[in-house]
Amino acid sequence: MKTHFLHENANSSELILFFSGFCSHFSHFTHLKSDVNVLMAYDYTSFDWEIDFNKFEKITLVGFSMGVCIASKILKDMKFDKKIAINGTNLPINDEFGIKKAIFKLTIKRFALEDFKANLLEKRMNLSDEFYFEKNEYLKEELLSLYEFCTKNLNENFTWDKAIISKDDKIFPPKHVLNFFKEKAVFIDEPHFAFFKYHTWEELCKLS
Numbered sequence: 002m003k004t005h006f007l008h009e010n011a012n013s014s015e016l017i018l019f020f021s022g023f024c025s026h027f028s029h030f031t032h033l034k035s036d037v038n039v040l041m042a043y044d045y046t047s048f049d050w051e052i053d054f055n056k057f058e059k060i061t062l063v064g065f066s067m068g069v070c071i072a073s074k075i076l077k078d079m080k081f082d083k084k085i086a087i088n089g090t091n092l093p094i095n096d097e098f099g100i101k102k103a104i105f106k107l108t109i110k111r112f113a114l115e116d117f118k119a120n121l122l123e124k125r126m127n128l129s130d131e132f133y134f135e136k137n138e139y140l141k142e143e144l145l146s147l148y149e150f151c152t153k154n155l156n157e158n159f160t161w162d163k164a165i166i167s168k169d170d171k172i173f174p175p176k177h178v179l180n181f182f183k184e185k186a187v188f189i190d191e192p193h194f195a196f197f198k199y200h201t202w203e204e205l206c207k208l209s
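Heads up, the sequence shown is in our numbering, so the first residue is 2 and it goes up one at a time.
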């Protein structure tokens, strides 16, 4: 796992900790501004990481896609001011609450980046010219790693304050995310990559 500060502000004691999804890169989030510190976790070919959170007085957690599950496992003992899930659940490879296991396995076998990008971005594809993506084989490794990590020792009881669900999600079935979050769900008219709806991280992190 890699980390990257999308925004650093030495005058702020607030952190937005962002666990991104499969295939994510920090170049995908440059349009989102912030007045606080925003730290992104990405690249799930491994799950080793070490971050000192002691200097931050207020931490908001944002999980996107597979990052919802990863955060729920890795950060189970941390306290947060608020936690927001986007198009993902604690059980991401699951026939009722996530991507069906058979479909995930088939995706690993037949993964093609261009097809994935089309499903990820849909109507927003024209805004992604500056996005960096790893090569096909590397991304297959990441998918395999995610499958291993996200099918055992799951933390179903890790709670989130709000769940944003894209109505047009072609990757994570919206109905399955709703099954998991129920009354905490808020629907938006976006594809799986929901971030072009927002201009700032603070806007995205609002609970109401």
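No residue lacks a Cβ here, since even glycine has one placed at the ideal position from N, Cα and C.
Remember, predicted model here, so these are calculated numbers, not experimental data.
Paired residues, beta bridge with Leu18 - DSSP
Leu40, Leu62
Just to confirm, is the Cβ distance from Asp169 to Glu142 under 9 Å?
no
Over what stretch of residues does the beta strand (DSSP E) that includes Ile75 continue unbroken?
First-last for Ile75: 67-75, but that is the alpha helix (DSSP H), not the beta strand (DSSP E).
Tell me, please, which residues DSSP counts as bridged to Lys34.
Thr201
Span separating the alpha-carbon of Leu155 from that of His32
33 Å
Buried or exposed, going by whether 16 or more other CB atoms sit within 10 Å of the CB of Leu145?
exposed
With DSSP collapsed to three states, give me the class of His177.
helix
Can you tell me whether Ala11 is helix, strand or coil according to DSSP?
coil
Quick check on DSSP: helix, strand or coil for Thr90?
coil
Restricting to Cα atoms, I'd like to know which of His193, Phe57, Phe117 is closest to Gly89.
His193
Of the choices Asp44, Tyr139, Ile52, Ser167, whose alpha-carbon is the least far from that of Leu122?
Ser167
Taking the straight line between their C-alpha atoms, what separation do you get for Ser129 and Lys77?
33 Å
Please determine, among Ala164, Glu9, Glu203, Arg111, the residue with the shortest C-alpha to C-alpha distance to Lys185.
Ala164
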